[in-house]
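Asker:
Protein chains: 2
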Amino acid sequence: MPVPTIRLVAREAGVSQATVSRAFSQPELLTPATVEKVLGTAQRLGYVPNQVARALSTGRAGNIALILPDVANPFFSALMRGAQAQAYKRGYATFLGDSDETAHLEDVLLAKLAAQVDGFVLASPRLDEPLIRKHAARKPVVVINRDLEGIGRVLVDTGPGFTAAVVLLAGLGHRAIAYVGAPRTSWSSQQRARAVTAAGAAHGLSVVQIDAGRPSHEAGRDCVAGLLEAGVTAALAVDDVVAQGIMAGLAERGLSVPGDFSVVGCDDIIAATTYPPLTSVNAHCALAGANAVDLLLNGLANPTPPVEGHVIKGELVIRGSTGPAPAPAPAPRGRKAPAEPDPSSRK
Amino acid sequence: MPVPTIRLVAREAGVSQATVSRAFSQPELLTPATVEKVLGTAQRLGYVPNQVARALSTGRAGNIALILPDVANPFFSALMRGAQAQAYKRGYATFLGDSDETAHLEDVLLAKLAAQVDGFVLASPRLDEPLIRKHAARKPVVVINRDLEGIGRVLVDTGPGFTAAVVLLAGLGHRAIAYVGAPRTSWSSQQRARAVTAAGAAHGLSVVQIDAGRPSHEAGRDCVAGLLEAGVTAALAVDDVVAQGIMAGLAERGLSVPGDFSVVGCDDIIAATTYPPLTSVNAHCALAGANAVDLLLNGLANPTPPVEGHVIKGELVIRGSTGPAPAPAPAPRGRKAPAEPDPSSRK
DNA sequence: CTGAAAGCGCTTACAG
DNA sequence: CTGAAAGCGCTTACAG
Numbered sequence: 001m002p003v004p005t006i007r008l009v010a011r012e013a014g015v016s017q018a019t020v021s022r023a024f025s026q027p028e029l030l031t032p033a034t035v036e037k038v039l040g041t042a043q044r045l046g047y048v049p050n051q052v053a054r055a056l057s058t059g060r061a062g063n064i065a066l067i068l069p070d071v072a073n074p075f076f077s078a079l080m081r082g083a084q085a086q087a088y089k090r091g092y093a094t095f096l097g098d099s100d101e102t103a104h105l106e107d108v109l110l111a112k113l114a115a116q117v118d119g120f121v122l123a124s125p126r127l128d129e130p131l132i133r134k135h136a137a138r139k140p141v142v143v144i145n146r147d148l149e150g151i152g153r154v155l156v157d158t159g160p161g162f163t164a165a166v167v168l169l170a171g172l173g174h175r176a177i178a179y180v181g182a183p184r185t186s187w188s189s190q191q192r193a194r195a196v197t198a199a200g201a202a203h204g205l206s207v208v209q210i211d212a213g214r215p216s217h218e219a220g221r222d223c224v225a226g227l228l229e230a231g232v233t234a235a236l237a238v239d240d241v242v243a244q245g246i247m248a249g250l251a252e253r254g255l256s257v258p259g260d261f262s263v264v265g266c267d268d269i270i271a272a273t274t275y276p277p278l279t280s281v282n283a284h285c286a287l288a289g290a291n292a293v294d295l296l297l298n299g300l301a302n303p304t305p306p307v308e309g310h311v312i313k314g315e316l317v318i319r320g321s322t323g324p325a326p327a328p329a330p331a332p333r334g335r336k337a338p339a340e341p342d343p344s345s346r347k
Numbered sequence: 001m002p003v004p005t006i007r008l009v010a011r012e013a014g015v016s017q018a019t020v021s022r023a024f025s026q027p028e029l030l031t032p033a034t035v036e037k038v039l040g041t042a043q044r045l046g047y048v049p050n051q052v053a054r055a056l057s058t059g060r061a062g063n064i065a066l067i068l069p070d071v072a073n074p075f076f077s078a079l080m081r082g083a084q085a086q087a088y089k090r091g092y093a094t095f096l097g098d099s100d101e102t103a104h105l106e107d108v109l110l111a112k113l114a115a116q117v118d119g120f121v122l123a124s125p126r127l128d129e130p131l132i133r134k135h136a137a138r139k140p141v142v143v144i145n146r147d148l149e150g151i152g153r154v155l156v157d158t159g160p161g162f163t164a165a166v167v168l169l170a171g172l173g174h175r176a177i178a179y180v181g182a183p184r185t186s187w188s189s190q191q192r193a194r195a196v197t198a199a200g201a202a203h204g205l206s207v208v209q210i211d212a213g214r215p216s217h218e219a220g221r222d223c224v225a226g227l228l229e230a231g232v233t234a235a236l237a238v239d240d241v242v243a244q245g246i247m248a249g250l251a252e253r254g255l256s257v258p259g260d261f262s263v264v265g266c267d268d269i270i271a272a273t274t275y276p277p278l279t280s281v282n283a284h285c286a287l288a289g290a291n292a293v294d295l296l297l298n299g300l301a302n303p304t305p306p307v308e309g310h311v312i313k314g315e316l317v318i319r320g321s322t323g324p325a326p327a328p329a330p331a332p333r334g335r336k337a338p339a340e341p342d343p344s345s346r347k
């Protein structure tokens with residue numbers, strides 16, 4: 001059963017192809033009666049305008065593409081959900097390109113999809129700046145969490161949230177903390193590292209930085225040895241996945257959170273579901289995705305779009321993974337220590 | 001700067017459009033010298049064949065669409081990752097449609113994308129059978145986790161895994177267990193419920209069924225009251241997200257896993273990252289996605305594709321959320337009980 | 001308000 | 001092995 005085309009509808013409705021076309025794209029040019037007649041027979045025939053033909057004719061594809069490093073990461077799947085929903089609302093379909101954290105694949109995906117989309121949303125691109133600019137020169141591009149002058153961008157400012165987290169930890173008596181980050185290429189991680197360093201200095205905390213590599217649960221777990229060696233009592237992680245990994249690594253060693261160690265994450269997607277629930281900086285992932293799509297689509301509608309930078313504030317959400325600093329075990333001080341030996345050694 | 005078209009390349013290379021076209025799509029029909037000449041000038045001009053025009057002309061889009069109920073669910077994001085990667089490998093781009101667990105949106109997405117894709121992968125469709133068949137009659141469709149005669153499908157058979165889980169629990173001394181499922185529309189949930197019921201009967205366990213509604217962390221947490229009321233000592237959940245929710249609900253009430261209660265999940269994406277790590281049935285999500293794409297694409301290549309059903313076995317992975325049944329508290333039995341009172345009440 | 005016709009950038013029988 | 005030409009299904013000035 002062949003798909004009905006505009007010709008068939010025109011013939012059946014007794015009008016020209018142009019009229020059928022207008023009934024769908026510019027009904028205000030037609031008599032209500034004509035519109036109704038055309039739409040009616042279209043409905044009856046199951047006709048839907050062919051997007052491909054429309055795209056070739058108008059030069060507008062009605063599609064956008066979202067390129068991201070890893071859909072399996074909750075931050076990006078939440079972001080993708082927000083982006084896709086918003087694009088759908090505005091009549092656009094969404095391509096997904098997963099670059100597997102690779103700059104090269106990102107480049108290839110951009111090139112391959114260019115002809116089929118009206119614009120791109122690049123979430124946390126791993127591409128270097130010149131290449132991003134090259135693609136942006138050919139097709140409208142909005143980047144998320146990358147601050148490039150002259151390119152539309154949505155930035156989730158998690159700095160204040162991380163600062164608040166450091167203040168929280170300082171207030172709880174922690175003196176030595178760590179920031180566990182992703183590789184240098186990540187704008188977000190750099191931003192968070194800076195906030196932690198600055199806030200730590202301001203509150204007299206010593207701060208060590210650890211690079212976990214590709215942000216994953218394993219990466220978090222694997223850096224626990226380093227954390228303990230460094231003698232810190234709290235860690236702020238680049239995201240919740242890494243934070244959860246750190247908690248798992250601590251649990252493996254019999255350390256409890258927050259009793260023995262405090263952990264802070266970021267994104268706040270899985271944070272409420274971990275055990276214990278993570279204190280985390282909310283990154284408003286879905287909103288970031290939706291805003292990026294809006295920025296892109298508004299730019300398309302506008303002949304000379306002003307380049308906008310949209311900033312979303314990420315605030316701290318305090319849950320159960322942060323608590324008072326543990327009393328230092330190796331060198332107990334205070335007068336009660338000698339008078340009250342460890343109960344476990346009593347027997 | 002206008003995008004170069006086939007005409008420009010033809011003129012510059014001193015050949016016809018047909019020759020340029022062939023140089024890209026069927027070079028074996030041309031002299032190597034001609035191919036080289038054409039490709040050279042194309043390269044120099046920055047020419048890339050316009051996919052949209054090609055699609056209109058050939059009727060082949062070079063795209064597929066993946067429709068799923070919720071990208072934010074780890075099962076589907078993992079599946080999407082596998083599908084997208086495989087499609088890319090075979091030269092296809094992937095549209096994502098998130099139906100938000102809604103049959104209607106699924107229907108709309110199918111219709112809107114139909115003209116732009118060569119086929120669909122429907123993961124756990126919420127659509128009723130007649131509508132799925134309607135769409136399958138127009139465009140090649142492969143469904144995942146839905147058993148529809150005559151339609152290509154990939155089924156993850158988690159039945160044996162759930163059976164193994166029930167056997168495990170029975171061996172650990174549990175006598176009353178629960179299956180916490182999703183709504184009736186889910187083929188997977190029905191399959192799992194059947195396996196649990198059958199295995200429970202075979203091993204003399206009493207089995208209660210609880211419907212958690214839309215599978216989510218909250219849904220899992222919310223059904224804990226019902227679980228405890230029902231007097232069961234273990235729960236098997238439709239997926240890991242719900243299982244994790246159940247663990248959270250138990251923790252809220254001061255119950256420990258697996259000490260006081262055992263929990264089993266399914267999918268095995270987040271299972272290794274929860275605390276305690278979940279005993280779970282591996283659903284091979286990424287593989288399912290990749291296989292579905294292969295099935296679809298192989299079908300496209302084949303003039304009269306044989307309808308295949310591809311079955312993936314899901315096996316049980318035992319971790320820390322399952323343990324011996326707790327001794328029944330209200331009616332302690334055994335001779336030692338009176339002789340040895342609870343130590344905590346001693347003081 | 002509506003229609004006839006050209007054109008979007010390709011592909012592909014059909015000739016030669 | 002290569003070219004001229006029709007056609008894919010729309011949209012949109014241009015007339016009327």
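Keeping their order, the protein sequence lines are chains B and Y. At position 200 of the first sequence the residue is numbered 200 (full-length UniProt numbering), and the sequence of numbers has no breaks. At position 10 of the second sequence the residue is numbered 10 (full-length UniProt numbering), and the sequence of numbers has no breaks. Positions of the beta carbon are idealized from the N, C-alpha and C atoms, including for glycine. Quantities reported herein were computed from a predicted structural model and do not represent experimental measurements.
For the beta strand (DSSP E) containing isoleucine 270 (chain B), list its first residue and its last residue.
Answerer: Taken as a continuous stretch (DSSP letters only), isoleucine 270 (chain B) belongs to no beta strand (DSSP E), as it is neither H nor E.
Asker: With distances taken between CB atoms, is the gap from cysteine 266 (chain B) to arginine 192 (chain B) smaller than 8 Å?
Answerer: Yes, the Cβ-Cβ distance between cysteine 266 (chain B) and arginine 192 (chain B) is below 8 Å.
Asker: Which whole-angstrom value is the C-beta distance of alanine 288 (chain Y) and valine 154 (chain Y), which I expect to be below 8 Å?
Answerer: The pair is a contact, with the Cβ atoms about 5 Å apart (cut-off 8 Å).
Asker: With distance defined between alpha-carbon atoms, name the residue in B:Thr158, B:Leu228 and B:Ile67 nearest to glycine 119 (chain B).
Answerer: Taking only the C-alpha atoms, the option nearest glycine 119 (chain B) is B:Ile67.
Asker: I'd like to confirm the pairing. Which residues does DSSP put opposite histidine 310 (chain B) in its beta bridges?
Answerer: Note: histidine 310 (chain B) sits in a beta bridge opposite B:Val154.
Asker: Hey, would you say proline 69 (chain Y) sits closer than 8 Å to arginine 126 (chain Y), going by beta carbons?
Answerer: For proline 69 (chain Y) and arginine 126 (chain Y), yes; Cβs fall inside 8 Å.
Asker: Could you tell me which uninterrupted beta strand (DSSP E) segments, each at least 3 residues in length, are contained entirely in the segment 28–68 of chain Y, listed from first to last along the chain?
Answerer: The qualifying runs are 63–68.
Asker: With 7 Å as the C-beta to C-beta threshold (strictly closer), list the residues of the segment 94–121 of chain B near chain Y in chain order.
Answerer: Answer set for the segment 94–121 of chain B: Thr94, Phe95, Leu96, Asp98, Lys112, Leu113, Ala115 and Gln116.
Asker: Which of the three DSSP states is assigned to threonine 102 (chain B) in this structure?
Answerer: Coil, per DSSP.
Asker: Comparing the C-beta of serine 186 (chain B) with each C-beta of chain Y, is any distance below 8 Å?
Answerer: So, not an interface residue.
Asker: Check the DSSP bridge columns for aspartate 260 (chain Y) and list the partner residues they point to.
Answerer: According to DSSP, aspartate 260 (chain Y) bridges with nothing at all.
Asker: Is alanine 292 (chain Y) closer than 8 Å to alanine 83 (chain Y) when the C-beta atoms are compared?
Answerer: Taking 8 Å as the Cβ cut-off, alanine 83 (chain Y) and alanine 292 (chain Y) qualify as a contacting pair.
Asker: Quick check on DSSP: helix, strand or coil for tyrosine 179 (chain Y)?
Answerer: In the structure shown, tyrosine 179 (chain Y) sits in a strand (DSSP, three-state: E or B).
Asker: What are the start and end residues of the alpha helix (DSSP H) that includes isoleucine 6 (chain B)?
Answerer: Taken as a continuous stretch (DSSP letters only), the alpha helix (DSSP H) holding isoleucine 6 (chain B) covers 6–13.
Asker: On the criterion of 16 or more Cβ atoms from any shown chain inside 10 Å, does isoleucine 6 (chain Y) qualify as buried, or is it exposed?
Answerer: Isoleucine 6 (chain Y) is buried by the Cβ-count criterion.
Asker: Inspect the beta-carbon positions of serine 256 (chain B) and histidine 174 (chain B) and report whether they are closer than 8 Å.
Answerer: Going by C-beta atoms, serine 256 (chain B) is not nearer than 8 Å to histidine 174 (chain B).
Asker: Got a sec: is the Cβ-Cβ distance from valine 71 (chain B) to anything in chain Y below 8 Å?
Answerer: Judged by the 8 Å Cβ criterion, valine 71 (chain B) is in contact with chain Y.
Asker: Please confirm whether serine 321 (chain Y) and valine 264 (chain Y) have their CB atoms less than 8 Å apart.
Answerer: Yes, these two residues count as a Cβ contact at 8 Å.
Asker: Three or more C-beta pairs closer than 8 Å, one from the segment 122–141 of chain Y and one from the segment 235–244 of chain Y: is that the case here?
Answerer: No, the segment 122–141 of chain Y is not in contact with the segment 235–244 of chain Y.
Asker: Output the boundary residues of the alpha helix (DSSP H) element that contains threonine 163 (chain B).
Answerer: That run of the alpha helix (DSSP H) goes 159–171.
Asker: Kindly list, in the order they appear in chain Y, the residues whose Cβ is closer than 8 Å to that of valine 52 (chain B).
Answerer: Within chain Y, the residues near valine 52 (chain B) are Val52, Ala55, Leu56, Ala61, Ala115 and Gln116.
Asker: Going along chain Y in order, which residues have a C-beta closer than 7 Å to the C-beta of serine 77 (chain B)?
Answerer: Result: Val71, Ala72 and Ser77.
Asker: Identify the continuous alpha helix (DSSP H) that holds valine 142 (chain Y) and give its terminal residues.
Answerer: First-last for valine 142 (chain Y): 141–144, but that is the beta strand (DSSP E), not the alpha helix (DSSP H).
Asker: Applying a beta-carbon distance threshold of less than 9 Å, which residues of chain B neighbour glutamine 244 (chain Y)?
Answerer: Simply Thr273, Thr274 and Tyr275.
Asker: With H, G and I counted as helix, E and B as strand and the rest as coil, what does DSSP make of leucine 255 (chain B)?
Answerer: Here leucine 255 (chain B) sits in coil by DSSP.
Asker: For alanine 23 (chain Y), name the three-state secondary structure that DSSP assigns.
Answerer: Correct three-state label for alanine 23 (chain Y): helix.
Asker: Am I right that leucine 172 (chain B) and glycine 323 (chain B) are in contact with their C-beta atoms under 8 Å? What's the rounded C-beta distance?
Answerer: That belief holds up - the Cβ atoms of leucine 172 (chain B) and glycine 323 (chain B) are roughly 6 Å apart, short of 8 Å.
Asker: Just to confirm the assignment, what range does the beta strand (DSSP E) spanning isoleucine 132 (chain Y) have?
Answerer: Element bounds for isoleucine 132 (chain Y): not the beta strand (DSSP E) but the alpha helix (DSSP H), 129–138.
Asker: Please list, in chain order, the residues of the segment 213–239 of chain B that have any C-beta partner in chain Y closer than 8 Å.
Answerer: Taking 8 Å as the Cβ-Cβ cut-off against chain Y, the residues of the segment 213–239 of chain B that qualify are His217.
Asker: Could you tell me which of B:Glu36, B:Val307 and B:Ser280 sits nearest to proline 160 (chain B), measuring between CA atoms?
Answerer: Out of B:Glu36, B:Val307 and B:Ser280, B:Ser280 has the C-alpha closest to the C-alpha of proline 160 (chain B).
Asker: What is the DSSP secondary structure of aspartate 294 (chain B), reduced to helix, strand or coil?
Answerer: Three-state result, aspartate 294 (chain B): helix.
Asker: Curious, which full-length beta strand (DSSP E) runs of at least 3 residues does the segment 73–101 of chain Y contain?
Answerer: For the segment 73–101 of chain Y, whole beta strand (DSSP E) runs of length 3 or above, ordered along the chain, are 93–98.
Asker: Considering only heavy atoms of the ligand GDP, does any lie closer than 7 Å to the CB of glycine 82 (chain B)?
Answerer: The ligand GDP is absent from the structure shown, which contains no ligands of any kind.
Asker: Let me confirm a value: lysine 134 (chain B) is counted as buried when at least 16 other C-beta atoms fall within 10 Å, else exposed. Which label applies?
Answerer: Its Cβ having fewer than 16 others within 10 Å, lysine 134 (chain B) is exposed.
Asker: Give me whichever residues DSSP pairs with alanine 234 (chain B) in a beta bridge.
Answerer: Answer by DSSP bridge pairing, in chain order: B:Ile177 and B:Ser262.
Asker: Check glutamine 279 (chain B) in the structure and name its three-state DSSP category.
Answerer: The sequence shown places threonine at residue 279 (chain B), rather than the glutamine named in the question. DSSP places threonine 279 (chain B) in strand when its eight states are reduced to three.
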